[in-house]
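Take a look at the structure below.
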Amino acid sequence: MRRSWFLWLTAGLGFLFLYAPIASLVVFSFNESKLVTVWGGFSTKWYGELLRDEQILGAAWISLKIAALSATGAVVFGTLAAYVLLRVGAFWGRPVLRGMTTAPLVMPEVITGLSLLLLFVSMERALGWPAGRGMMTIVIAHTTFALAYVAVVVQSRLVDMDDSLEEAAQDLGAGPVRVFFDITLPVIAPALVAGWLLAFTLSLDDLVVASFTSGPGASTLPMVIFSKVRLGVSPEVNALATLILAVVALGILLAGLVLRRR
Amino acid sequence: MSRRWLVIAIPMLWLGVFFLLPFLEVARISLVDPAIARPPYTDLFQDGVFAGDFENYKLILPKYFYGQDNLYITAYLNSIRIALISTLLALVIGYPMAYAIARAPEPWRTVLLFLVILPFWTSFLLRVYAWIGLLKGNGVVNNVLIWAGVIDQPLVMLQTDFAVYVGIVYTYLPFMILPLYANLVKLDGALLEASSDLGASSAATFLRVTLPLSLPGILAGCMLVFIPAIGEFVIPALLGGPDTLMIGRVLWDEYFRNRDWPVASAVAIAMLLLIVGPILWLQRSMERA
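Just so you know, the protein sequences line up as chains A and B, in that order. If you read the first sequence in the numbering used here, its first letter stands for residue 2, the second for the next number, and so on. If you read the second sequence in the numbering used here, its first letter stands for residue 66, the second for the next number, and so on.
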């Protein structure tokens with residue numbers, strides 16, 4: 002039993018390490034003082050400040066739109082990629098597709114960002130599209146890297162799925178399209194939801210790829226936060242972090258309740 | 066038959082255009098010269114003649130061979146060093162955590178696993194930012210240590226390599242814990258019992274049974290931390306000092322500050338060479354799993 006307490010102590014310290022910074026963000030968001038690290042009394046004034054900050058609010062709106070669009074795109078293309086990899090049988094390009102759906106998971110963001118930017122610039126020169134960079138180009142970039150994560154989630158669901166269901170439908174005369182929409186899609190739907198949320202979070206969180214592929218007038222929330230934070234700590238950013246945490250916690254709570262009721 | 070090809074073609078085309086093609090663009094632009102133009106580089110073919118060269122690659126070589134200065138090679142080696150040290154630290158911290166979770170009784174196991182994943186759903190940028198407030202000269206860590214009487218003078222932690230290690234370990238710890246957990250949870254308790262029945266001490270059992278069996282998990286976790294750490298930009302930019310040169314940061318500066326797209330491309334290709342081995346290895350082990 003002696004080893005057991007040692008194990009739990011190290012694990013406890015590990016969890017402290019994971020959560021202490023998050024706790025400090027929350028605590029100092031209610032700090033009266035502007036010096037984020039010295040306690041100057043309880044106050045909610047930074048939340049008021051945050052809600053009056055047009056720059057942050059505007060950027061948050063842009064980020065939410067980009068995240069919703071790219072998560073939807075990533076679910077469509079990621080599900081198709083997963084389906085093609087596991088259900089349509091062998092074809093010459095399968096190893097290539099498999100490589101292209103796993104490589105973005107581990108590609109450094111600076112390379113993804115730079116390479117997409119160079120592509121957009123060359124495409125604009127050769128085809129006239131996309132005309133300039135902005136929301137549209139960020140959405141394409143985010144769709145591309147989030148697609149890989151969706152493909153992983155959907156693939157693991159497809160592997161677990163009993164394919165005799167699909168076979169039975171086929172034997173009863175349903176065409177492949179009908180089988181997909183009536184059988185496969187409902188079964189893998191939870192994975193699509195999980196994949197969408199994952200892609201949404203990834204997009205909302207991304208600074209590097211968005212910075213490379215953005216243009217004037219399309220600053221996302223991480224871009225605005227980064228430029229603020231570079232100048233030093235700001236209690237307003239702490240307030241924003243606390244709000245994000247609250248939304249995430251609420252979302253998880255709701256998801257838990259919905260799942261329990263099933 | 067044609068419908069099948071349509072289904073195959075859609076993801077292939079999207080990824081071909083927006084994932085594969087961009088790399089060819091990076092390779093192409095790494096061979097041309099910067100220019101004061103829009104876009105700021107020369108063409109690879111001028112009047113139908115191939116006009117590319119390896120000048121950008123020569124530039125990023127160390128001074129000893131052709132290079133201008135040792136900036137790029139320093140950043141390259143620094144990235145490897147920082148990524149290696151951070152990976153080892155993450156392993157040392159993550160292993161006992163993964164082990165404890167794998168050994169925990171059922172309701173706890175799910176809760177602890179959930180607590181490991183939870184921070185991932187909150188903003189990465191803001192979690193890195195939290196460390197600025199903790200590590201500053203008059204930050205929380207220094208205040209606690211002074212209050213506890215451990216130190217008299219605040220330690221300089223922010224804008225050092227130490228802060229970068231902390232940031233990387235903090236950010237990527239879940240990526241270390243999850244594959245380790247997945248491996249350790251499958252570990253057969255009977256093997257451990259057999260080992261201790263045969264007279265091995267618990268340390269010997271750990272070193273000769275548990276550790277070797279968890280090697281695949283260790284390797285997967287290390288790759289998942291090492292690969293993103295190599296190309297990291299945000300953590301060295303926010304927590305590192307001006308001399309914490311990492312290759313991702315150098316690439317960023319070449320592009321955003323110097324507007325030298327061809328050199329940025331050459332740096333990207335050099336970075337890819339560094340991680341292509343670990344990536345291929347990871348991909349193979351993922352396919353086997």
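Idealized CB from N, CA, C, for every residue including glycine. The model shown is predicted, which means the values in this text are computed figures rather than measured ones.
First and last residue of the uninterrupted alpha helix (DSSP H) at residue 52 of chain A: Within the first sequence, residue 52 of chain A is the residue found at index 51, counting from 1. From DSSP, the alpha helix (DSSP H) with residue 52 of chain A extends over 46 to 52.
Contact set between residue 69 of chain B and chain A, taken where Cβ atoms lie within less than 7 Å: Position 4 of the second sequence, counted from the start, is the residue given in the question as residue 69 of chain B. Within chain A, the residues whose beta carbon sits less than 7 Å from that of residue 69 of chain B are 89, listed in sequence order.
Bounding residues of the alpha helix (DSSP H) (the contiguous stretch that carries residue 121 of chain B): On the second sequence, position 56 is the one that residue 121 of chain B refers to. That run of the alpha helix (DSSP H) goes 120 to 125.
Own chain, CB closer than 6 Å to residue 340 of chain B, minus 5 neighbours either side, in chain order: Taking the second sequence and counting its residues from 1, one reaches residue 340 of chain B at position 275. 292, 295.
Cβ neighbour criterion (16 or more within 10 Å) applied to residue 332 of chain B: Counting from one through the second sequence, the residue named residue 332 of chain B turns up at place 267. Burial is judged here by how many other beta carbons sit within 10 angstroms of a residue's own beta carbon; residue 332 of chain B has at least 16 and is buried.
7 Å Cβ cutoff met for residue 270 of chain B and residue 279 of chain B: For this step, residue 270 of chain B is matched to residue 205 along the second sequence. For this step, residue 279 of chain B is matched to residue 214 along the second sequence. It is not a contact, given that the beta carbons lie outside the stated cut-off.
Ordered list of alpha helix (DSSP H) runs contained in the stretch 215 to 244 of chain A, each at least 4 residues: If only uninterrupted alpha helix (DSSP H) runs of at least 4 residues are considered, those enclosed by the stretch 215 to 244 of chain A are 222 to 231.
Closest by C-alpha distance to residue 158 of chain A, when choosing among A/87, A/20, A/234: Position 157 of the first sequence, counted from the first residue, corresponds to residue 158 of chain A. Relative to residue 158 of chain A, the option among A/87, A/20, A/234 whose CA is nearest is A/87.
Test: residue 306 of chain B CB closer than 7 Å to a CB of chain A: Along the second sequence, one-based indexing puts residue 306 of chain B at 241. Judged by the 7 Å Cβ criterion, residue 306 of chain B is not in contact with chain A.
Proximal residues of chain A, C-beta to C-beta of residue 330 of chain B below 9 Å: Here the question's residue 330 of chain B lines up with position 265 in the second sequence. Correct list: 115, 116, 119.
Same chain, Cβ closer than 6 Å to residue 34 of chain A, neighbours up to 5 away in sequence not counted: On the first sequence, position 33 is the one that residue 34 of chain A refers to. Excluding residues within five positions, the ones whose Cβ falls inside 6 Å are 41.
Chain-ordered chain A contacts of residue 115 of chain B [CB-CB under 8 Å]: Along the second sequence, read from residue 1 onward, the residue named residue 115 of chain B stands at position 50. Taking a Cβ-Cβ cut-off of 8 Å, residue 115 of chain B has no neighbours in chain A, whose nearest Cβ is about 17 Å from it.
In chain order, each alpha helix (DSSP H) run of at least 4 residues that lies wholly inside the stretch 27 to 96 of chain A: Entirely contained in the stretch 27 to 96 of chain A, the alpha helix (DSSP H) runs reaching 4 residues are, in chain order, 46 to 52, 55 to 88.
Residue-level contact to chain B via CB, residue 201 of chain A, 7 Å cutoff: Residue mapping note: residue 201 of chain A aligns to position 200 of the first sequence, counting from 1. Judged by the 7 Å Cβ criterion, residue 201 of chain A is not in contact with chain B.
Below-7 Å beta-carbon distance, residue 188 of chain B vs any chain A residue: The sequence position of residue 188 of chain B within the second sequence is 123, counting from 1. Closer than 7 Å to some Cβ of chain A, the Cβ of residue 188 of chain B qualifies, so yes.
Neighbourhood of residue 135 of chain B by C-beta, 6 Å cutoff - its chain only, sequence neighbours within 5 removed: Numbered from its first residue, the second sequence carries residue 135 of chain B at position 70. Sequence-distant partners of residue 135 of chain B (beyond 5 residues in either direction) whose C-beta falls short of 6 Å from its own C-beta, in its chain, are 127, 128.
Sequence-distant residues of its chain with Cβ nearer than 8 Å to residue 240 of chain A (five each side left out): Counted from its first residue, the first sequence places residue 240 of chain A at position 239. Its chain contains 30, 47, 48, 50, 51 as the residues whose beta carbon lies nearer than 8 Å to that of residue 240 of chain A, once the 5 sequence neighbours on both sides are disregarded; these appear in chain order.
DSSP three-state assignment for residue 129 of chain B, whether helix, strand or coil: Against the second sequence, residue 129 of chain B aligns to sequence position 64. It is coil, neither helix nor strand.
Residue 348 of chain B - partner residues in DSSP beta bridges: Your numbering for residue 348 of chain B matches position 283 in the second sequence. The bridge partners DSSP lists for residue 348 of chain B come to none.
Cβ-based contacts, 8 Å cut-off: residues of the stretch 198 to 221 of chain B near chain A: Listed in sequence order: 198, 199, 201, 203, 204, 205, 208.
Nearest residue (CA-CA) to residue 235 of chain A, options B/231, B/350, B/97, B/198: Position 234 of the first sequence, counting from 1, holds the residue named residue 235 of chain A. The closest CA to that of residue 235 of chain A, considering only B/231, B/350, B/97, B/198, is found on B/198.
Interface residues of the stretch 204 to 217 of chain A facing chain B [CB-CB below 8 Å]: Those residues of the stretch 204 to 217 of chain A that come within reach of chain B (Cβ to Cβ, closer than 8 Å) are 205, 206, 208, 209, 212, 213.
Short CB-CB distance (under 7 Å) between residue 68 of chain A and chain B: Locating residue 68 of chain A in the first sequence gives position 67, counting from the first residue. No - not a single Cβ of chain B is within 7 Å of the one on residue 68 of chain A.
Residues of the stretch 136 to 160 of chain A with Cβ closer than 7 Å to any Cβ of chain B, in chain order: Under the 7 Å Cβ criterion, the stretch 136 to 160 of chain A contributes 141, 145.
Completely contained alpha helix (DSSP H) runs for the stretch 131 to 217 of chain B, where each covers 4 or more residues: Runs found: 136 to 168, 171 to 182, 189 to 200, 205 to 212.
Min CB distance residue 6 of chain A to chain B below 7 Å: Position 5 of the first sequence, counted from the first residue, corresponds to residue 6 of chain A. It does not: the Cβ of residue 6 of chain A has no partner Cβ on chain B nearer than 7 Å.
Contact with chain B by residue 11 of chain A, beta-carbon distance below 7 Å: Here residue 11 of chain A is taken as the residue at index 10 of the first sequence, counted from 1. Closer than 7 Å to some Cβ of chain B, the Cβ of residue 11 of chain A qualifies, so yes.
Straight-line gap, residue 64 of chain A to residue 136 of chain A (C-alpha atoms, nearest Å): Translated into positions along the first sequence, residue 64 of chain A becomes position 63. Translated into positions along the first sequence, residue 136 of chain A becomes position 135. Approximately 9 Å between the Cα atoms of the pair.
Cβ of residue 104 of chain B within 7 Å of any chain A Cβ: Mapped onto the second sequence, residue 104 of chain B falls at position 39. For residue 104 of chain B, the answer is yes, since a Cβ of chain A falls inside 7 Å of its Cβ.
Cβ of residue 256 of chain B within 7 Å of any chain A Cβ: Here residue 256 of chain B refers to the residue found at position 191 of the second sequence. No, residue 256 of chain B does not count as interfacial toward chain A.
The stretch 161 to 178 of chain A contacting the stretch 135 to 149 of chain A, beta-carbon criterion three pairs below 8 Å: With contact defined as three or more Cβ pairs closer than 8 Å, the stretch 161 to 178 of chain A and the stretch 135 to 149 of chain A are not in contact.
Given residue 165 of chain B as reference, the closest of B/177, B/234, B/156, B/262 once Cα atoms are compared: For the purposes of this step, residue 165 of chain B is taken as residue 100 along the second sequence, with counting starting at 1. Across the set B/177, B/234, B/156, B/262, the C-alpha of B/177 shows the shortest separation from the C-alpha of residue 165 of chain B.
Residues within the stretch 234 to 252 of chain A neighbouring chain C, beta-carbon criterion of under 7 Å: The displayed structure is made up of protein chains A and B, and chain C is not among them.
C-alpha gap between residue 6 of chain A and residue 258 of chain B, whole angstroms: In the first sequence, residue 6 of chain A corresponds to position 5, counting from 1. In the second sequence, residue 258 of chain B corresponds to position 193, counting from 1. The straight-line gap from Cα to Cα measures roughly 19 Å.
Identified DSSP bridge partners for residue 99 of chain B: Mapped onto the second sequence, residue 99 of chain B falls at position 34. According to the DSSP secondary-structure assignment, residue 99 of chain B is paired through a beta bridge with B/106.
Neighbourhood of residue 8 of chain A by C-beta, 6 Å cutoff - its chain only, sequence neighbours within 5 removed: Indexing the first sequence from 1 puts residue 8 of chain A at position 7. Cβ neighbours of residue 8 of chain A beyond the five flanking positions: none.
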